[in-house]
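Going by numbering that gives the first Met the number 0, the first residue of the sequence shown is number 0, and it counts up by one from there.
To start, the structure itself, in structure tokens.
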Amino acid sequence: MAEIQFLLNDRLIKTSSQEGLVLLDFVREHQRLTGTKIGCREGDCGACSVLIGTLEGEGVKYLPVTSCLFPLGRVHGMHVVTVEGLSKETLTPVQRAMVEHSGTQCGFCTPGFVVSMTGFALESSSVYQDDPRDAISGNICRCTGYKSIERALSEVSEQLQQKPQGSEQMAWLIEKGFVPPYFAGIPARLRAIPARRPAELTSSTSAPTVLLGGGSDLNVQRPEAIRDADVAFAQDYASTAIEEQDGFVYIGGAATMEDLNRSPLIAQTLPSIRAWMRLVASTPIRTIASIAGNLVNASPIGDVTILMLALGAEIELSAQHAQRWLPLEELYLGYKTLSKQQGEILSRLRFPSTTPQSRVNFEKVSKRTFLDIASVNAAMRLEVQGDIIQKARLSAGGVAPIPKLLRETSRWLVGQPLTGETALEAAQRAQSEVQPISDIRGSADYKRLLLRQLVMAHFAEATAIPVVKEALL
Ligand SMILES: Cc1cc2nc3c(=O)[nH]c(=O)nc-3n(C[C@H](O)[C@H](O)[C@H](O)COP(=O)(O)OP(=O)(O)OC[C@H]3O[C@@H](n4cnc5c(N)ncnc54)[C@H](O)[C@@H]3O)c2cc1C
Ligand code: FES
Ligand code: FES
């Protein structure tokens with residue numbers, strides 16, 4: 000492919016380095032910008048956080064990512080901001096707040112927190128409205144104690160109350176010193192970077208190209224192999240659009256979990272989406288993690304996969320000269336075995352739009368509430384007329400070798416009245432439909448019990464019926 004061009008802080012970078020190299024290594028080793036730290040290299044600690052800016056309308060949208068997982072080839076045409084790009088001589092209001100509230104001790108995590116909080120300052124949507132701490136959900140500090148960092152964030156949040164919306168926002172942030180003056184010229188400079196033409200994807204098996212979404216699975220599992228591989232990016236072959244058409248919600252094969260979290264259409268279709276997505280990874284991971292990657296990774300506990308199974312999703316698989324739609328549940332043949340050919344891209348998915356008769360819920364139990372993978376997760380979609388269930392889809396993760404659609408329980412639910420007894424019976428039937436194994440996330444018995452409670456929780460959350468109380472004890 001042609002060389003990668005992007006803006007790194009205020010400099011234009013042109014490089015022919017490996018497309019699969021992680022951004023962290025490029026920034027630290029090739030550019031000697033060592034303010035960005037290496038912690039876990041698995042997306043967990045946030046020490047490597049940087050901001051990526053992409054053109055949106057007249058301006059640039061900035062989001063935090065973990066640079067230890069983000070492939071260099073993806074940054075073509077973007078603005079990458081490291082802690083060095085935020086200030087040279089004086090402290091920014093974010094840095095000042097961290098100092099004044101004693102938000103730093105050894106300082107190892109501090110650049111990551113500063114970058115994430117600056118991302119919070121640059122945010123123009125309402126995504127952090129409920130809890131500004133979501134902006135630092137991907138950052139871990141092992142010595143300061145979070146209260147002082149939270150106080151620093153509150154102070155920043157208070158200062159940002161004065162921030163104007165729309166086109167005046169950037170000028171205000173520059174005037175107050177949140178970002179340096181060169182940010183004003185970034186949109187024009189990004190527009191001047193020529194687009195790249197992606198290579199044609201083939202199904203050749205001699206030198207297979209590795210298809211990457213955000214790399215949040217592949218770069219955890221085998222980073223060296225990805226670095227040296229011939230890579231292609233799903234974003235070059237599929238869109239990120241989320242739109243409604245003919246009674247279906249369509250999601251592009253390159254859309255990320257954060258696109259789902261921020262989509263006004265999804266908020267309308269699934270009003271609880273933000274609460275559910277807070278249980279899925281962290282903001283920087285959701286920014287890079289694609290929905291297609293979650294489905295194709297085929298983890299038995301993939302959260303978006305479980306939600307999509309219950310919603311009734313179908314996936315569009317596209318190869319060079321062919322296209323087919325497949326019900327999502329038919330993708331999974333066995334543990335990480337898919338009915339998908341090499342070279343086929345998940346180009347879109349779709350699920351039937353919800354209606355006032357729809358009752359949808361998602362539940363997840365993990366050892367930690369946030370930033371943890373599920374012991375068991377589950378989702379439910381019902382279509383209800385009067386008090387009678389017309390259609391039902393229940394799904395569960397962590398209870399079988401594949402993300403599981405609970406076909407028998409779903410079938411049984413159709414025609415049943417919406418009562419506490421129905422909920423209880425469904426929960427019992429679901430338990431007998433699964434084969435959990437004991438592992439570090441819990442014993443088989445515990446997972447079976449969890450599933451029962453989660454099915455009851457679906458009915459408690461998504462329907463107005465009082466669930467049989469003793470059953471939840
Ligand atoms: C710290 C951390 C926390 C996490 N927390 C959670 C969590 O709470 N819940 C959860 O469900 N997951 C979690 N994950 C897992 C991960 O983020 C998801 O599975 C993610 O959605 C994968 O998407 P990706 O684009 O990064 O995939 P990649 O790593 O790029 O790819 C994964 C697989 O999908 C394939 N692929 C990607 N896009 C396409 C496409 N369009 N068509 C065909 N194949 C494709 C790739 O070839 C590869 O086989 C976490 C990961 C990390 C690192
Ligand atoms: S080094 Fe820990 S998230 Fe990247
Ligand atoms: S200050 Fe030491 S890890 Fe946060």
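Every residue gets a Cβ at the ideal spot worked out from N, C-alpha and C, and that includes glycine.
Would the segment 77-96 and the segment 110-129 be scored as touching if the rule is three or more Cβ pairs under 8 Å? At 8 Å Cβ cutoff, the stretches touch.
Going straight from the alpha carbon of Asn-8 to that of His-78, what length do you get? 7 Å
Name the DSSP beta bridge partners of Ile-12, please? Phe-5
Ordered along the chain, which non-local residues of its own chain (more than five positions away) have a Cβ less than 6 Å from that of Ile-12? Phe-5
Measuring only the C-alpha atoms, how far is Glu-362 from Val-279? 11 Å
The alpha helix (DSSP H) spanning Phe-458 covers which residue range? 443-461
If you count every other CB in all the chains shown that lies within 10 Å of the CB of Trp-324, and 16 or more means buried, which is it? Its Cβ having fewer than 16 others within 10 Å, Trp-324 is exposed.
Mind listing, in chain order, the residues whose beta carbon lies closer than 6 Å to a non-hydrogen atom of ligand 2? Ile-37, Gly-38, Cys-39, Arg-40, Gly-42, Asp-43, Cys-44, Gly-45, Ala-46, Cys-47, Thr-65, Cys-67
Taking 7 Å as the cut-off, is the C-beta of Gln-104 nearer than that to any heavy atom in ligand 3? The answer is yes for Gln-104.
Should the segment 132-139 be called in touch with the segment 37-57, which here means at least 3 C-beta pairs below 8 Å? Touching, yes.
Could you please give the first and the last residue of the uninterrupted beta strand (DSSP E) stretch that includes Lys-146? Run containing Lys-146: none in the beta strand (DSSP E); it sits in the alpha helix (DSSP H), 145-158.
From which residue to which residue does the beta strand (DSSP E) around Pro-222 run? Where Pro-222 is concerned, there is no enclosing beta strand (DSSP E), although the alpha helix (DSSP H) it sits in stretches over 222-227.
Can you tell me which of Tyr-445, Pro-435, Gln-17, Arg-447 puts its alpha carbon nearest to the alpha carbon of Pro-222? Gln-17
According to the Cβ coordinates, are Arg-380 and Val-413 closer than 8 Å? No, these two residues do not count as a Cβ contact at 8 Å.
What do you reckon, is the C-beta of Arg-150 under 7 Å from a heavy atom of ligand 3? No, since every heavy atom of ligand 3 falls outside the 7 Å radius drawn around the Cβ of Arg-150.
With a threshold of 6 Å on Cβ separation, who are the neighbours of Leu-54 within its own chain once the five nearest residues in sequence on each side are excluded? Leu-189
Ser-431: first and last residue of the uninterrupted alpha helix (DSSP H) it sits in: 419-431
CB Ala-309 to CB Ser-394, shorter than 8 Å? Less than 8 Å separates the beta-carbon of Ala-309 from that of Ser-394.
Do Arg-226 and Leu-20 have their C-beta atoms closer together than 8 Å? yes
Starting from the Cα of Phe-25, find the closest Cα among Glu-57, Glu-41, Val-74 and give me that residue. Of the candidates Glu-57, Glu-41, Val-74, the one whose C-alpha sits nearest the C-alpha of Phe-25 is Val-74.
What number of angstroms, rounded off, separates the C-alpha of Ala-233 from the C-alpha of Gly-419? Answer to the nearest angstrom: the Cα atoms are 45 Å apart.
For Gly-441, I'd like the list of residues in its chain whose CB is within less than 6 Å of its CB, leaving aside the five on either flank, ordered along the chain. Ser-374
What do you reckon, are the CB atoms on Leu-50 and Thr-103 nearer than 8 Å? In this structure, Thr-103 does not lie closer than 8 Å to Leu-50 by Cβ.
Test item: CB-CB of Leu-71 and Ile-148 under 8 Å: no
For the pair the segment 295-302 and the segment 322-342, tell me if three or more CB-CB distances fall below 8 Å. yes
Buried or exposed by the 16-neighbour rule on C-beta atoms within 10 Å, applied to Gln-430: buried
Distance between beta carbons of Glu-242 and Tyr-473, contact taken as under 8 Å: Given a span of 0 to 472 for the chain in the structure shown, any question on residue 473 remains unanswerable.
Hey, Val-36 and Phe-119: beta-carbon distance below 8 Å or not? Going by the sequence as given, residue 36 is Lys instead of Val. No, these two residues do not count as a Cβ contact at 8 Å.
Going by alpha carbons, who is nearest to Leu-316 out of Thr-304, Lys-335, Val-303, Gln-340? Gln-340
Do you know whose CA, among Met-169, Lys-175, Gly-176, lies nearest Ser-184's CA? At residue 184 the sequence reads Gly, which differs from the Ser that was named. Of Met-169, Lys-175, Gly-176, the residue nearest in Cα terms is Met-169.
Going by DSSP, which residues form a beta bridge with Thr-336? Gly-333
Proximity winner among Asp-235, Ile-192, Thr-109, Thr-421, relative to Ser-346 (alpha-carbon distances): Asp-235
Given a cut-off of 8 Å, decide if Val-230 and Thr-208 are closer than it, judged by their beta-carbon atoms. yes
Tell me whether the beta-carbon of Trp-411 lies closer than 8 Å to the beta-carbon of Arg-392. It is not a contact, given that the beta carbons lie outside the stated cut-off.
Of the residues Ile-314, Gly-342, Ser-338, which one's Cα is nearest the Cα of His-320? Gly-342
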